[in-house]
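Here the protein sequences come in this chain order: D and L. First residue of the first sequence: 1, per the working numbering; consecutive thereafter. First residue of the second sequence: 506, per the working numbering; consecutive thereafter. Heads up, the beta-carbon is just placed ideally off N, CA and C, and yes, glycines get one too. Inspection log for the structure reproduced underneath, given as structure tokens.
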Amino acid sequence: MKRPVPTAAAALATKLRAGPDGFIRLQIDERDWIGLAMGCAQGLQDLLALWVDDDAAHMGLGVPALKLRIIVSVPLKRGSFPSVAKNHPAACRLERSIRDLHGVEPKGLPDQRNWMDHGKWPSPPPSLKKDAARRDAAYAFLATEGEGLHQIAVGPVHAGIIEPGHFRFSVNGEAVVRLEERFGYTHKGIAALCKGADIATAARIAARISGDSTVAYSYAYALAIEAALKWRPPPRAILLRGIMAEIERLSHHVNDVGAICNDASVVVLHAHCTLLREDILRTANQCFGHRMMMDRIVPGGVAADLSAAGAEAIQALLARCATNFEAVVRVYDEAPSLQDRTVSTGNVSAELARRFGAGGHVGRASGRAFDTRLNFPYGPYEALDFAMALHAGGDVDARVWVRIEEVRSSMALIRQMLKLLVPGPLMSVMPRARASEGAAMVEGFRGDIFVTVRLDDRARLVNFYARDPSCFQWPLLEAAIEGNIVADFPLCNKSFNCSYSGHDM
Amino acid sequence: MRSLLFKSLLEGSAVIAPPQPGSAAVTELAETLGQQAHARLGRSLAIREVDAGSCNGCELEIHAINNPVYDAERFGLKFVASPRHADVLLVTGPVTWNMRQALERTYAAMPSPKWVVALGDCAANCGVFTGSYACAGAVKDIIPVDLHIGGCPPPPLKILKGLLALVNEMTK
Numbered sequence: 001m002k003r004p005v006p007t008a009a010a011a012l013a014t015k016l017r018a019g020p021d022g023f024i025r026l027q028i029d030e031r032d033w034i035g036l037a038m039g040c041a042q043g044l045q046d047l048l049a050l051w052v053d054d055d056a057a058h059m060g061l062g063v064p065a066l067k068l069r070i071i072v073s074v075p076l077k078r079g080s081f082p083s084v085a086k087n088h089p090a091a092c093r094l095e096r097s098i099r100d101l102h103g104v105e106p107k108g109l110p111d112q113r114n115w116m117d118h119g120k121w122p123s124p125p126p127s128l129k130k131d132a133a134r135r136d137a138a139y140a141f142l143a144t145e146g147e148g149l150h151q152i153a154v155g156p157v158h159a160g161i162i163e164p165g166h167f168r169f170s171v172n173g174e175a176v177v178r179l180e181e182r183f184g185y186t187h188k189g190i191a192a193l194c195k196g197a198d199i200a201t202a203a204r205i206a207a208r209i210s211g212d213s214t215v216a217y218s219y220a221y222a223l224a225i226e227a228a229l230k231w232r233p234p235p236r237a238i239l240l241r242g243i244m245a246e247i248e249r250l251s252h253h254v255n256d257v258g259a260i261c262n263d264a265s266v267v268v269l270h271a272h273c274t275l276l277r278e279d280i281l282r283t284a285n286q287c288f289g290h291r292m293m294m295d296r297i298v299p300g301g302v303a304a305d306l307s308a309a310g311a312e313a314i315q316a317l318l319a320r321c322a323t324n325f326e327a328v329v330r331v332y333d334e335a336p337s338l339q340d341r342t343v344s345t346g347n348v349s350a351e352l353a354r355r356f357g358a359g360g361h362v363g364r365a366s367g368r369a370f371d372t373r374l375n376f377p378y379g380p381y382e383a384l385d386f387a388m389a390l391h392a393g394g395d396v397d398a399r400v401w402v403r404i405e406e407v408r409s410s411m412a413l414i415r416q417m418l419k420l421l422v423p424g425p426l427m428s429v430m431p432r433a434r435a436s437e438g439a440a441m442v443e444g445f446r447g448d449i450f451v452t453v454r455l456d457d458r459a460r461l462v463n464f465y466a467r468d469p470s471c472f473q474w475p476l477l478e479a480a481i482e483g484n485i486v487a488d489f490p491l492c493n494k495s496f497n498c499s500y501s502g503h504d505m
Numbered sequence: 506m507r508s509l510l511f512k513s514l515l516e517g518s519a520v521i522a523p524p525q526p527g528s529a530a531v532t533e534l535a536e537t538l539g540q541q542a543h544a545r546l547g548r549s550l551a552i553r554e555v556d557a558g559s560c561n562g563c564e565l566e567i568h569a570i571n572n573p574v575y576d577a578e579r580f581g582l583k584f585v586a587s588p589r590h591a592d593v594l595l596v597t598g599p600v601t602w603n604m605r606q607a608l609e610r611t612y613a614a615m616p617s618p619k620w621v622v623a624l625g626d627c628a629a630n631c632g633v634f635t636g637s638y639a640c641a642g643a644v645k646d647i648i649p650v651d652l653h654i655g656g657c658p659p660p661p662l663k664i665l666k667g668l669l670a671l672v673n674e675m676t677k
């Protein structure tokens with residue numbers, strides 16, 4: 001009798017030990033691969049990442065309830081692997097990117113259109129299989145039919161100071177019937193640039209995958225490299241990393257709350273929040289020598305120390321922040337005209353957030369209780385405690401409240417870490433290089449970032465892959481806007497605040 | 506809401522003193538503009554921003570020059586929604602192949618006289634993305650550039666100094 005196809009990653013992973021990075025690694029066959037994809041759709045595990053490296057496809061899976069993370073690999077057969085998206089739509093855009101960049105065919109992929117390849121590259125990506133056929137770049141948007149429907153095309157150049165992307169709205173009067181996104185405009189070939197690079201060069205590139213999450217990306221990259229090399233950063237560096245990561249989160253959450261209010265036409269709150277953000281960035285600059293703390297987290301430790309004066313500056317910042325931010329929160333909470341715009345606007349159902357494994361405020365505002373810092377703690381978070389910001393509303397308002405609560409918890413976390421800070425070195429010596437691999441997940445302000453690296457014995461990157469939280473959030477924006485009016489799109493979009501650059505890489 | 510507004514009135518302004526135009530910017534502009542006749546723009550510039558493939562770090566700092574501390578609008582620097590209303594095209598990022606056409610079309614849509622500012626290290630020389638199959642080049646490889654403001658990303662004060670130099674030179 002044939003054994004039943006396992007759909008639960010947990011069943012496959014029993015008795016297997018995780019590597020130093022917390023991931024169990026397992027070679028499987030195509031049958032099990034398909035079963036696990038079905039299991040993702042059923043909610044038995046979350047899809048964390050999907051990538052191709054040499055002659056295998058790899059899938060990162062997570063079961064937060066069991067503290068289980070597993071990377072399964074299936075060998076490519078004649079340049080193909082069974083499509084995950086066929087059973088689990090959240091993988092669709094990831095697989096379309098894989099087709100464009102590797103020429104590898106996800107067998108049964110329901111959407112055959114290009115994603116990253118707009119037909120503009122004069123030479124193909126170096127990762128593309130030599131015999132891969134270049135496909136037609138013509139792009140057909142999904143059809144909408146019905147009386148009175150018309151389309152609004154927006155982008156790639158938007159009206160504001162924003163990243164490029166294309167939005168195709170099909171509308172009936174004011175109501176949006178369908179939104180379809182088209183991305184890839186900021187694709188910079190980052191994985192290819194990192195291939196063959198040394199650790200330090202790739203660190204600078206990883207820090208620029210999505211500038212707003214530069215600390216989080218540097219952090220995830222450093223953890224992945226350190227896991228591969230069994231490299232342990234010193235205790236002071238671990239805490240400084242946490243402090244920088246929370247300052248980054250603080251700066252964006254504060255800004256986003258203001259920007260959402262701005263899109264609901266309450267400009268005064270936006271002004272207050274941008275002032276707060278400026279205060280935070282200036283303090284970061286004073287403490288770590290860069291407003292966004294770019295390149296300050298490096299494999300092996302940190303590249304900037306925090307002086308006693310710097311620690312005091314952060315304490316003073318937190319005191320100002322607490323007062324000024326709470327004043328903003330009071331106004332938000334008490335203004336019916338503002339709530340009229342945010343409550344019940346841009347709804348994301350709990351089921352959809354679960355199916356797409358949406359992280360960050362998008363997931364947590366729709367009841368998905370996942371925060372990497374709590375579910376898969378790393379660095380300082382192993383010793384810190386805080387409550388997860390969790391809401392069930394699923395609307396713009398719920399996403400605002402998740403941010404508000406995370407501003408508060410970030411401030412508390414920074415205070416805790418400042419207390420724990422002990423003197424000591426900032427970097428530890430790199431162990432001898434060896435052929436190895438490592439993966440890591442870090443909670444950026446927008447959600448969980450996944451990074452995996454493979455190194456050769458000269459400490460050069462053989463493979464690099466990163467998955468931005470936006471990859472699992474952008475598709476939900478298409479769902480959130482349905483039935484809303486066109487004028488509420490900026491509000492919904494801002495409440496998500498996804499990254500284009502991180503998604504396009 | 507009222508108490509917040511009242512408090513803002515009493516606390517006075519957060520704005521910093523006007524900075525001097527950046528000296529490097531003044532030098533570059535003297536070269537790029539030469540003896541060209543300057544349009545009478547009445548000390549105001551309408552700016553259209555285009556992200557041609559940046560990591561979004563530059564965008565954050567461009568946003569910052571509009572906050573109440575730097576308050577770019579007091580210098581006549583106004584960001585506009587359409588290239589057809591713009592005097593200046595402010596471009597960030599290494600220009601990706603996928604954004605090249607959009608950048609060229611945005612530039613073409615602007616009425617003359619028009620100027621281009623390339624902002625950030627990537628816009629100047631592709632930065633860490635140099636050599637990628639996906640990048641078409643620096644901004645000056647695609648459209649003529651009048652001023653570079655370097656940095657990764659340039660802090661708001663540096664952006665402001667560069668743009669102020671542009672206002673001064675344009676309206677001399």
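Between residue i and the rest of its own chain, which residues show a CB-CB distance below 8 Å, the 5 nearest in sequence each way excluded?
i	result
L:Gly-625	Ser-559, Gly-562, Cys-563, Thr-597, Gly-598, Gly-632, Ile-654, Gly-655, Gly-656, Cys-657, Pro-658, Pro-659
D:Asp-29	Val-74
Would you say residue i and residue j are within 8 Å of each other, going by their C-beta atoms?
i	j	result
D:Leu-16	D:Arg-236	no
D:Gly-346	D:Ser-366	no
D:Ala-137	D:Gly-119	yes
D:Leu-418	D:Ala-319	no
L:Ile-648	L:Val-622	no
L:Pro-550	L:Leu-510	Before going on, a small fix: residue 550 of chain L reads as Leu here, not Pro. Result no, Cβ atoms of L:Leu-550 and L:Leu-510 do not sit closer than 8 Å.
L:Leu-595	L:Ala-557	no
D:Gly-502	D:Ser-210	yes
D:Met-521	D:His-187	This structure gives no information on residue 521 of chain D, because the portion of chain D shown stretches from 1 to 505.
D:Val-343	D:Asp-397	yes
L:Ala-629	L:Ala-614	no
D:Ile-205	D:Ile-225	no
D:Ser-495	D:Val-400	yes
D:Tyr-185	L:Asn-603	yes
L:Pro-524	L:Leu-669	yes
When DSSP labels each residue in this structure, what does residue i get in the three-state scheme?
i	result
D:Pro-380	helix
D:Pro-64	helix
D:Trp-121	coil
D:Met-38	helix
L:Phe-580	helix
D:Thr-345	coil
L:Asp-592	coil
D:Arg-454	strand
L:Ala-522	coil
D:Asp-340	helix
D:Phe-81	strand
D:Cys-498	coil
D:Glu-478	helix
D:Gly-360	helix
Let me check understanding here. Comparing Cα to Cα, which of the options lies closest to residue i?
i	options	result
D:Lys-129	D:Arg-99, D:Asn-375, D:Ala-327	D:Arg-99
D:Ile-485	D:Ile-414, D:Glu-174, D:Cys-321, D:Ala-303	D:Glu-174
D:Glu-382	D:Lys-230, D:Leu-239, D:Gly-211, D:Gly-79	D:Leu-239
D:Ser-499	D:Pro-6, D:Phe-167, D:Arg-31, D:Glu-163	D:Glu-163
D:Glu-248	D:Ala-350, D:Ile-225, D:Ile-280, D:Ala-259	D:Ile-280
D:Arg-241	D:Val-254, D:Gly-258, D:Tyr-219, D:Asp-256	D:Tyr-219
D:Val-104	D:Glu-482, D:Val-402, D:Leu-149, D:His-58	D:His-58
D:Ile-506	D:Thr-323, D:Pro-377, D:Arg-25, D:Glu-180	Only positions 1 to 505 of chain D appear in this structure, which leaves residue 506 of chain D out of reach.
With a threshold of 6 Å on Cβ separation, who are the neighbours of residue i within its own chain once the five nearest residues in sequence on each side are excluded?
i	result
D:Trp-33	Val-74, Pro-82
D:Asp-305	Leu-426
D:Gly-444	Ser-213, Ala-216
L:Ala-542	Low confidence applies to L:Ala-542: its pLDDT is 39, below 50, so where it sits in the model is not reliable enough to give any reading.
Compute the minimum distance between the beta carbon of residue i and the heavy atoms of the ligand ZN, and state whether it is under 7 Å.
i	result
D:Ala-350	Ligands in the displayed structure: none, and consequently the ligand ZN is not present.
Tell me which residues share the same chain as residue i and place their Cβ nearer than 7 Å to its Cβ, disregarding the 5 neighbours each side in the sequence.
i	result
D:Leu-338	Cys-261, Ala-264, Val-266, Tyr-332
D:Gly-359	Phe-370, Gly-447, Asp-448, Pro-469, Phe-472
L:Ala-519	Pro-573, Val-574
D:Asp-55	Pro-75, Leu-76
May I ask you to verify whether the segment 76-87 of chain D touches the segment 104-111 of chain D, counting CB pairs closer than 8 Å and requiring at least 3?
yes
Would you check if there are 3 or more beta carbon pairs closer than 8 Å linking the segment 43-52 of chain D to the segment 347-357 of chain D?
yes
Do the segment 424-441 of chain D and the segment 242-259 of chain D touch if we need at least three Cβ pairs shorter than 8 Å?
no
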